[in-house]
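**Student:**
Residue numbers (my numbering): 88 to 268.
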């Protein structure tokens, strides 16, 4: 059976440096800027449904994006999640929920930027080397606040929000959110 794709391959960009969900979000914002010269006005993450809370409660706020439910239209810059879980015959929902509570959002709630040993260890096992961000992003011409976010260590106890989130170039607070698109 043949299918015809209407996907314009020239508009498909792969982010290849990320080793976890937080890096995937942050590095994708940067990748978008590299290809278009602007940051996205809306972010939609397609992931497993069981990861929705991780993005809405941890990752979006960590990078200065406001998580907004689909029913809300009051922010120009908003971030949403489309969640699709694997079929139940592959992985039972309660198994996914338990795993996410222990190894996913459970870790991210205590380490918003992935700088503590548990999440750093996951990154290393997936091919990330500590310090890799220095040579991966330092020569791209990024704004200093973006570089500061990439290098952020989580502050006291490694779990403080990045103090300049509202200054990030994609942050909703930098734009007039009272006007429609």
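Backbone N, C-alpha and C define an ideal beta-carbon position, used for all residues, glycine too.
Note that this is a predicted model, so its numbers are computed, not measured.
Closer than 8 Å is the cut-off here; do at least three beta carbon pairs connect the stretch 165–182 with the stretch 204–223?
**Tutor:** No contact exists between the stretch 165–182 and the stretch 204–223.
**Student:** So residue 169 is in the alpha helix (DSSP H); what residue range does that whole segment cover?
**Tutor:** Reading the chain shown from its first residue, position 82 is the one you call residue 169. That residue, residue 169, is in no alpha helix (DSSP H); its beta strand (DSSP E) goes 165–170.
**Student:** Return yes when the Cβ of residue 105 is within less than 9 Å of the Cβ of residue 116, no when it is not.
**Tutor:** For this step, residue 116 is matched to residue 29 along the chain shown. For this step, residue 105 is matched to residue 18 along the chain shown. Cβ atoms of residue 116 and residue 105: not closer than 9 Å.
**Student:** Does the contact criterion of 3 or more C-beta pairs under 8 Å hold for the stretch 192–203 versus the stretch 236–246?
**Tutor:** Yes, the stretch 192–203 is in contact with the stretch 236–246.
**Student:** Expressed to the nearest angstrom, what Euclidean distance is found between the alpha-carbon atoms of residue 140 and residue 97?
**Tutor:** Here residue 140 refers to the residue found at position 53 when the chain shown is read from its first residue. Here residue 97 refers to the residue found at position 10 when the chain shown is read from its first residue. Rounded to whole angstroms, residue 140 to residue 97 spans 32 Å at the Cα level.
**Student:** Give the straight-line distance between the Cα atoms of residue 118 and residue 230, rounded to the nearest whole angstrom.
**Tutor:** Residue mapping note: residue 118 aligns to position 31 of the chain shown, counting from 1. Residue mapping note: residue 230 aligns to position 143 of the chain shown, counting from 1. Those two C-alpha atoms are separated by around 14 Å.
**Student:** Using the rule of at least 16 other Cβ atoms within 10 Å of the residue's Cβ for burial, across every protein chain shown, is residue 192 buried or exposed?
**Tutor:** Indexing the chain shown from 1 puts residue 192 at position 105. When all chains shown are included, residue 192 counts as buried.
**Student:** Does the Cβ of residue 208 have 16 or more other Cβ atoms within 10 Å, making it buried, or fewer, making it exposed?
**Tutor:** Along the chain shown, one-based indexing puts residue 208 at 121. The residue in question, residue 208, is exposed, as its Cβ has fewer than 16 Cβ neighbours within 10 Å.
**Student:** May I ask which residues mark the beginning and end of the alpha helix (DSSP H) holding residue 182?
**Tutor:** Reading the chain shown from its first residue, position 95 is the one you call residue 182. First-last of the alpha helix (DSSP H) with residue 182: 180–190.
**Student:** Any idea which residues DSSP pairs residue 123 with across the strands?
**Tutor:** For the purposes of this step, residue 123 is taken as residue 36 along the chain shown, with counting starting at 1. Answer is none; residue 123 lacks a bridge partner.
**Student:** According to the Cβ coordinates, are residue 171 and residue 134 closer than 9 Å?
**Tutor:** The count along the chain shown starts at 1 and reaches residue 171 at position 84. The count along the chain shown starts at 1 and reaches residue 134 at position 47. Against a cut-off of 9 Å, the Cβ pair of residue 134 and residue 171 comes out as a contact.
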